[in-house]
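Working notes, beginning with the structure itself.
Below you can see the structure in the form of structure tokens.
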């Protein structure tokens, strides 16, 4: 998990940050967990059928087993045992992995989430593009002071690049070893549009592969209408499955586009 960004949320402010998860746990703890998980089965089935995701260690297992496995994982999280999943799907020939972890680790509450895919060859135009706020030392210090939350984020490359696009440079920071090659990749209209469609971006193409990280699940929260809008999904894992579908497809499409253009 140290290989990609994660958040550390210390126990004193866990409730303030993990509002959705907190209320969901409380709701399930009142005896609704079993009923809620059973009611979620139809939407879980839709999720697996539409995305093609499978647990990485049960990739050939039928959907019924995928559903049963996720029910076990979700039930464990409700019991306070953490949440740890690793799924894989084929997206136009690209092997897309999705990993998500939430739970106690080293005296802190850790949140990590990323989508990634291995590349068949060394990318000719590696780059890293992320929200400008991630690179702001002042912003990170202020966030740590106000929320007691820290992140291990750091750029994948030393050299920072100006793309020459005021909209890209206004929102994002860009890094890469070859400025002209990166500029060419990011000038692609489809990739540019895909980036701006995301509520939060941390995308890197490196020799290790292509990866999109979103430890705070900001893209999912945006689909839910923000933190308070997400309250309607507390205790309803099936509905939560449904709302994440466009997020998974959007990120997979972004990974595919970035991997293709950076070859």
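Residue numbers (the working numbering): 9 to 271.
Heads up, the beta-carbon is just placed ideally off N, CA and C, and yes, glycines get one too.
Taking residue 130 as the centre and dropping the five residues before and after it, the same chain places the C-beta of 215 closer than 6 Å to its C-beta, in chain order. Rounded to whole angstroms, the Cβ separation of residue 124 and residue 219 is 4 Å, and the two are in contact under 8 Å. By the neighbour-count criterion, in which 16 or more other beta carbons inside 10 Å mark a residue as buried, residue 64 falls on the exposed side. Taking 8 Å as the cut-off, the beta carbon of residue 107 is found closer than this to the beta carbon of residue 122. Residues of the same chain with a CB within less than 8 Å of the CB of residue 206, apart from the 5 flanking positions on each side, are 227, 258, 259, 262 in chain order. DSSP places residue 78 inside the alpha helix (DSSP H), whose first and last residues are 71-86. Residue 103 is bridged by DSSP to 98. Assignment of residue 68 by DSSP, reduced to helix, strand and coil, places it in the coil class. By a beta-carbon distance limit of 8 Å, residue 99 does not contact residue 253. Their separation comes to about 13 Å.
Of 77, 60, 61, the smallest CA-CA separation from residue 45 is found for 77. Of the candidates 110, 105, 113, 136, 136 places its Cα closest to the Cα of residue 187. Taking all protein chains in view, the Cβ of residue 204 is surrounded by fewer than 16 other Cβ atoms within 10 Å, so the residue is classified as exposed. Sequence-distant partners of residue 208 (beyond 5 residues in either direction) whose C-beta falls short of 7 Å from its own C-beta, in its chain, are 139, 222, 226, 227. Around the beta carbon of residue 172, fewer than 16 other beta carbons lie within 10 angstroms, which makes this residue exposed. Closest in alpha carbon position to residue 163, among 75, 141, 178, is 141. Per DSSP, the beta-bridge partners of residue 139 are 180. Between the beta-carbon of residue 167 and that of residue 185 there is about 6 Å, and that keeps the pair under the 8 Å contact cut.
The beta-carbon distance between residue 69 and residue 58, rounded to whole angstroms, is 17 Å. This is too long to meet the 8 Å contact definition.
Secondary structure note for residue 165: it is in no beta strand (DSSP E), with a DSSP letter that is neither H nor E.
Rounded to the nearest angstrom, the Cβ distance from residue 241 to residue 248 is 5 Å, consistent with a contact under 8 Å.
The C-alpha of residue 66 lies about 15 Å from the C-alpha of residue 79.
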